[in-house]
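J.:
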Amino acid sequence: MIIKLNKEIYPVKAVRKAVHFYRKIAAFKLKEEGGYLLVSGKPEKEDEELVRDEFLNFVLGIIRQ
Amino acid sequence: MNKILFSLNSKITSLEALYSACYVFIDKFYIYLDKKGENFIVSLQPKTQVKADPRKVEGEFRNELLNSLLREKITGNNSKIREYIIGQALYSSVPSEIDEFLSKTGEDYQEDPLGIAIPWEEKAKKRAKAGKARKKAGAK
């Protein structure tokens, strides 16, 4: 699973924080490529699509804080 | 209901307002944002299978965005007034130099040892009475 996040919208700091919070659900790896942040990894138990969607909302929540 | 996808002009919409609008919808939708050229791309995926008109959802999002933009503008316009009010509130809670000086000397600002606060008329009456008393004493 790879999540592509636009750097102009999703700050690196917030994404890093979210990756840290999700470490028990999935061991995500963060990489920068062009104007995007690539979050890659596979959840251990949960549904991939659900984890991806929840992760995206979680990042937005962190940004809003 | 499938994904709702629409674009917003980044020249009109600020990123902060977009975040605010997204935050309102975060409990009912999975939100993904992207930027292509001058446009923000917003993708809303409902969390539960509910029957809702995609157009209505998009309209509500745009309205919320307008609301956020307006709030942002008002906040910007009132920032100086807010800073002034908070400054005043904080300043009034700090004891002034005069209060500190009076507390050190043990004097009260309400005390009037030189009679400065006494009105002129009262002072004049007292002087007249004292003058009369002196005259009587001199006559005796």
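Protein chains in written order, with the numbering used here: chain C, 30 to 94; chain H, 17 to 156. The beta carbon of each residue, even a glycine, is placed where N, CA and C say it ideally should be.
1. State the Cα-Cα distance for the pair residue 44 of chain C and residue 120 of chain H, rounded to the nearest angstrom.
2. Helix, strand or coil for residue 37 of chain C per DSSP?
3. Does residue 63 of chain C get closer than 8 Å to chain H when you measure Cβ to Cβ?
4. Look at the alpha carbon of residue 76 of chain C and the alpha carbon of residue 42 of chain H, and state the distance between them as a whole number of angstroms.
5. Below 8 Å on the Cβ atoms is my guess for residue 37 of chain H versus residue 81 of chain H; work out the distance and round it to an integer in Å.
6. Taking Cβ-Cβ distances below 7 Å as the criterion, which residues of the stretch 50-82 of chain C are in contact with chain H?
7. Pick helix, strand or coil for residue 50 of chain C, following the three-state DSSP scheme.
8. Counting only beta-carbon atoms, is residue 91 of chain C nearer than 8 Å to chain H?
9. Do we get a CB-CB distance below 8 Å when we pair residue 60 of chain H with the residues of chain C?
T.: The short version:
1. Between the alpha carbons of residue 44 of chain C and residue 120 of chain H lies a gap of roughly 56 Å.
2. Coil.
3. With respect to chain H, the C-beta atom of residue 63 of chain C has no partner C-beta closer than 8 Å.
4. Going by C-alpha positions, residue 76 of chain C is about 19 Å away from residue 42 of chain H.
5. 4 Å between Cβ atoms; contact.
6. Residues 82.
7. In the structure shown, residue 50 of chain C falls within a helical segment according to DSSP collapsed to helix, strand and coil.
8. Closer than 8 Å: no.
9. No, no contact with chain C.
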